[in-house]
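Enquirer:
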Amino acid sequence: MNKVIYSILGPLAAIIIALFIGAIIISLIGKDPVEVYGVLFYGTLGNSYGIGQVLFKATPLIFTGLSVAFAFKAGLFNIGAEGQMIIGGFAAAWTGFTFVTLPWIILIPLTIIAAFVGGALWGFIAGYLKAKYGSHEVINTIMLNFIAAALASYLVNEIYGIPATIHTPEVSGSSFLLRFDAITGLFPGSPFNTSFLAAILCTIIFYFIINRTPFGYQIRTLGLNKNAAEYARMKIKKLVVLSMLISGGIAGIGSINFIFGYKHYYELGFSEGAGYIGIAVALIARNNPFAIIITAFFFGILEYGGLTINTMVPKELVTILQALLIILVITFVRIIDVLKIKFLKSA
Amino acid sequence: MKRTIILSLILLSALFISCSKKSVQTTESGKLKVGLVFDVGGRGDKSFNDAAYRGLEKAKNELGVDFEYIEPGPGADREAALRQFATRPDIKLIFGIGFIFTDEITKMAQEFPNKDFACVDYTYDQTKTIPPNLLALEFKEDEGCFLVGAIAGLTTKTQAVGFVGGMESPLIKKFEKSYEAGVKYVNPECKVFISYAGVTGDAFKNPGKGKELALGQYSQGADIIFHASGVTGLGVFEAARETKKLAIGVDSDQYNEAPGFILTSMIKSVDVAVFDCIRQEKDGKFNGGKAETFGLNSKGVDYIYNDKNNNLISEGTRKRAEEIRELIIAGKIATFLK
């Protein structure tokens, strides 16, 4: 029981303080914080369209959160989910608008594989450089993000794009991922789609690989103690390359939500920074795959909530609120951890 | 940890629940209300988006309408923002500012046939029809850019001018090509340096990068730089002021951003277009389903020449520019470089 109380205390204190600071800022710019928070809540969780929007925003965050968490498990810091998602997304979209004659039963798996392979390739580069030359994956993945954005821009603007737009041709109709409002009538108008199911499936596979396979055991060992892993004759270099590759692949699949579930084409800037938010998601969820789903949902509320109150307060305020929450949640979880250890020691 | 977050969410909900429902607006004064969704750059770019905002303010002061606006991020937010306005009972007319809204606003116009929509810089696709409740507002930027290119080509002393673009995209390419065409038309020997601030929407709001690019071009010998880069252009002006060289503004008259160093500005009367559209709506004369084009002939695009900057543009240059204006309107000059 104590354990539960301790684990909710941190995030709860952080949320209350962040909302309080946010309320002060809102008052300072002459608005009523109660009204602004009311609209935020009603807009995101108070109606089915809002919930659909939140889930739609959360879907890619589950993938990028899992991606970052997978690398974390191996002791690697993957800042490159953004770039991996961009490359994976382009590869998937290319598959979707190139093989237009294939039936859905072949094309959908093919596009998902393409998304994985594209992201995996981008993750592999950083993993290989780390394993072979010891160059730091943080710097390499950040740099690869820039290269990915520029490469995608070149491909769209110069080769595949439709003139006077920033997107590619539409992918084949048989590669569309259905929207829940079309299937069930729930969440009308929101682009929440079946890629969410893929995210759940991916979470389960993640859990299974990490916790129930010899490979996952090796990854965890590497992450906890590199020397121990080496002493146990594990092939460190191979593990580093593989975990970056898989991490990149997961991020790559994150692109299908927007491309096949919503717009049906590749659009520049579609990733909306989901790769970076994925880092915060993984950190707050402490790399627990199931906690990632819930954390991603929470970030989905922030992401979409910002838009719902945008007519009342400037968008910069929303960014400030989000940043405050991230900082405070991470800090408070740590503070409570320290308190807990002290308490247990004294008890 | 899972439990942690579930519980904290529940508590968060409890915190909100007291104040949820009552915030649904109920303004039934019968006043026309307009919703406007900005482009990625958002308000404060002193250029394209701010021009749209001026149109709104003018409509508020002169026509007595109310307005609200949203500044969304890239990606999926555009549709959500438009929908947010479309589902509001008190909002009748909704604007999307920027070519990037083309697909979303078409879709929303079809889904909400009893609301009116207008889109600035709508990309008109010949194969598709525009919904009857959507008015596309198009500008012939190429004409304006050609003209300021000609002015730059006539004014340069170093036989080199520059162009700084925001996000490398088809629209900004259009600015670049027609500017270059204008320079070469009057001065075939003149060099034109071209740089872009980036490949994502953020490239429109990066003054640091703009300054860096502009300083680079000035040091290579350019003495005039035209920018089409939103907020990024403020960095170009900064560079112009520091090196005491000239810059050309875009979309709005940007003279006041660096007085004495702004040769002219290529203006796009987004404010006029927005204002006219609101007036039509108010008079019940809103007429969608078509594209309305603003070019040099209707002063929808133009360059600035007034008593602030007429000491920077020589008499001869002014005359030549006016001749070129007539030629463009008469369709005797191709405003694009092949």
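Residue numbers (the working numbering), protein chains in the order written: chain U, 407 to 753; chain C, 873 to 1210.
The C-beta atom is built at its ideal place from N, Cα and C for all residues, glycine as well.
(1) State the CB to CB distance for the pair Glu543 of chain U and Leu482 of chain U, rounded to an integer number of angstroms; the pair is presumed to be in contact (CB under 8 Å).
(2) Going by DSSP, what residue range makes up the alpha helix (DSSP H) through Ser1050 of chain C?
(3) Report the neighbours of Asp949 of chain C on chain U: residues whose CB is nearer than 7 Å to its CB, in chain order.
(4) When DSSP builds the beta bridges, which residues end up paired with Glu941 of chain C?
(5) Less than 8 Å between the C-beta atoms of Asp917 of chain C and Val1103 of chain C, yes or no?
(6) Alpha carbon to alpha carbon, how far is Asn933 of chain C from Lys1140 of chain C? Give it in angstroms, no decimals.
(7) Identify whether Gly1037 of chain C lies in helix, strand or coil by the three-state DSSP scheme.
(8) Okay, do the stretch 956-964 of chain C and the stretch 974-987 of chain C touch, 3+ Cβ pairs below 8 Å being the bar?
(9) Strictly under 8 Å for the Cβ-Cβ distance: is Glu1040 of chain C near chain U by that measure?
(10) Is Cys1062 of chain C helix, strand or coil by DSSP?
(11) Give a yes or no on contact between the stretch 926-944 of chain C and the stretch 1148-1157 of chain C, applying the rule of three or more CB pairs nearer than 8 Å.
(12) What did DSSP end up calling Gly660 of chain U once you bin it into helix, strand or coil?
(13) What is the DSSP secondary structure of Thr1136 of chain C, reduced to helix, strand or coil?
(14) If you count every other CB in all the chains shown that lies within 10 Å of the CB of Ala1086 of chain C, and 16 or more means buried, which is it?
(15) In chain order, which continuous runs of the beta strand (DSSP E) of length 3 or greater are located wholly inside the stretch 929-982 of chain C?
(16) Does DSSP put Phe1011 of chain C in a helix, a strand or coil?
(17) How about Val1071 of chain C: is its C-beta nearer than 8 Å to some C-beta of chain U?
(18) Counting only Cβ-Cβ distances shorter than 9 Å, please list the residues of the stretch 570-591 of chain U near chain C, keeping chain order.
(19) Touch check for the stretch 1127-1136 of chain C and the stretch 907-916 of chain C: three-plus C-beta pairs under 8 Å?
(20) Against chain C, with Cβ distances strictly below 8 Å, would Gln459 of chain U count as a contact?
(21) Note down, in chain order, every chain A residue with its Cβ under 8 Å from the Cβ of Gln1152 of chain C.
(22) Anything in chain U within Cβ reach of Pro1079 of chain C, meaning under 7 Å, just list it in chain order.
(23) How far does the beta strand (DSSP E) with Phe1147 of chain C in it reach, from first residue to last?
(24) On the three-state DSSP scale, how would you describe Tyr1090 of chain C?
(25) Closer than 6 Å by C-beta to Gln490 of chain U: which residues in its own chain qualify, once you throw out the five before and the five after it? Chain order, please.
(26) Might you give, ordered along the chain, the residues of its own chain that have their beta carbon closer than 8 Å to the beta carbon of Ser601 of chain U, omitting 5 neighbours on each side?
(27) Check Phe522 of chain U in the structure and name its three-state DSSP category.
(28) Kindly indicate the opening and closing residues of the alpha helix (DSSP H) around Glu1164 of chain C.
(29) Which residues in the same chain have their Cβ closer than 6 Å to the Cβ of Trp510 of chain U, if we skip the five residues on either side of it in sequence?
(30) If you measure between the beta carbons of Val1020 of chain C and Cys1062 of chain C, is that distance less than 8 Å?
(31) Could you tell me the alpha carbon to alpha carbon distance between Ile741 of chain U and Ile616 of chain U, rounded to whole angstroms?
(32) Going by beta-carbon coordinates alone, are Val506 of chain U and Ala487 of chain U separated by less than 8 Å?
Expert: So, from the listed chains and residues:
(1) Here residue 543 of chain U refers to the residue found at position 137 of the first sequence. Here residue 482 of chain U refers to the residue found at position 76 of the first sequence. Contact flag correct, Cβ pair sits at about 5 Å.
(2) Against the second sequence, residue 1050 of chain C aligns to sequence position 178. It spans Pro1042 to Val1058 - the alpha helix (DSSP H) in which Ser1050 of chain C sits, taken as one unbroken run.
(3) For the purposes of this step, residue 949 of chain C is taken as residue 77 along the second sequence, with counting starting at 1. What Asp949 of chain C touches in chain U: Leu713.
(4) By 1-based counting over the second sequence, the position of residue 941 of chain C is 69. It should be noted that the sequence gives Tyr, not Glu, for residue 941 of chain C. According to DSSP, Tyr941 of chain C bridges with C:Leu908.
(5) Indexing the second sequence from 1 puts residue 917 of chain C at position 45. Indexing the second sequence from 1 puts residue 1103 of chain C at position 231. Contact: yes.
(6) Taking the second sequence and counting its residues from 1, one reaches residue 1140 of chain C at position 268. Taking the second sequence and counting its residues from 1, one reaches residue 933 of chain C at position 61. Roughly 21 Å separates the two Cα atoms.
(7) Start at 1 with the first residue of the second sequence, and residue 1037 of chain C comes out as number 165. Here Gly1037 of chain C sits in strand by DSSP.
(8) yes
(9) As a first step, residue 1040 of chain C must be located in the second sequence, where it is residue number 168. For Glu1040 of chain C, the answer is yes, since a Cβ of chain U falls inside 8 Å of its Cβ.
(10) Residue numbering aside, residue 1062 of chain C sits at position 190 when the second sequence is read from its first letter. Under the three-state reduction of DSSP output, Cys1062 of chain C falls in the coil class, being neither helix nor strand.
(11) yes
(12) Within the first sequence, residue 660 of chain U is the residue found at index 254, counting from 1. Coil at Gly660 of chain U, not helix or strand.
(13) Locating residue 1136 of chain C in the second sequence gives position 264, where the first residue counts as 1. When DSSP states are grouped into helix, strand and coil, Thr1136 of chain C belongs to the strand group.
(14) On the second sequence, position 214 is the one that residue 1086 of chain C refers to. By the neighbour-count rule (16 or more Cβ atoms within 10 Å), Ala1086 of chain C is buried.
(15) 938-942 and 965-969
(16) As a first step, residue 1011 of chain C is located in the second sequence; it is residue number 139 there, counting from the start. Looking at Phe1011 of chain C - three-state DSSP - the assignment turns out to be strand.
(17) Residue 1071 of chain C sits at position 199 when you count from the first residue of the second sequence. Yes, contact with chain U.
(18) Ala570, Thr571, Ile572 and His573
(19) no
(20) The sequence position of residue 459 of chain U within the first sequence is 53, counting from 1. Chain C, which has a Cβ nearer than 8 Å to the Cβ of Gln459 of chain U, makes this yes.
(21) The chain inventory of the structure shown lacks chain A, comprising the protein chains U and C.
(22) Here the question's residue 1079 of chain C lines up with position 207 in the second sequence. Scanning chain U for C-beta atoms nearer than 7 Å to the C-beta of Pro1079 of chain C yields nothing, as the closest lies near 16 Å away.
(23) Along the second sequence, read from residue 1 onward, the residue named residue 1147 of chain C stands at position 275. From DSSP, Phe1147 of chain C is part of no beta strand (DSSP E) but of the alpha helix (DSSP H) over Val1142 to Lys1154.
(24) As a working mapping, residue 1090 of chain C is identified with position 218 in the second sequence. Looking at Tyr1090 of chain C - three-state DSSP - the assignment turns out to be helix.
(25) The count along the first sequence starts at 1 and reaches residue 490 of chain U at position 84. Cβ neighbours of Gln490 of chain U beyond the five flanking positions: Gly525, Trp528, Gly529, Gly654, Ala657 and Gly658.
(26) For this step, residue 601 of chain U is matched to residue 195 along the first sequence. Excluding sequence neighbours, Ser601 of chain U sits near Thr465, Leu583, Ile662, Asn663, Phe666 and Gly667.
(27) Position 116 of the first sequence, counted from the first residue, corresponds to residue 522 of chain U. In the structure shown, Phe522 of chain U sits in a helix (DSSP, three-state: H, G or I).
(28) Walking along the second sequence from the start, residue 1164 of chain C turns up at place 292. Segment Lys1162 to Phe1166 is the beta strand (DSSP E) holding Glu1164 of chain C; no alpha helix (DSSP H) there.
(29) Here residue 510 of chain U is taken as the residue at index 104 of the first sequence, counted from 1. Contacts found: Ser580.
(30) Locating residue 1020 of chain C in the second sequence gives position 148, counting from the first residue. Locating residue 1062 of chain C in the second sequence gives position 190, counting from the first residue. Against a cut-off of 8 Å, the Cβ pair of Cys1062 of chain C and Val1020 of chain C comes out as no contact.
(31) Taking the first sequence and counting its residues from 1, the one referred to as residue 741 of chain U is at position 335. Taking the first sequence and counting its residues from 1, the one referred to as residue 616 of chain U is at position 210. Approximately 28 Å, taken between the alpha carbons.
(32) Position 100 of the first sequence holds residue 506 of chain U. Position 81 of the first sequence holds residue 487 of chain U. Contact: no.
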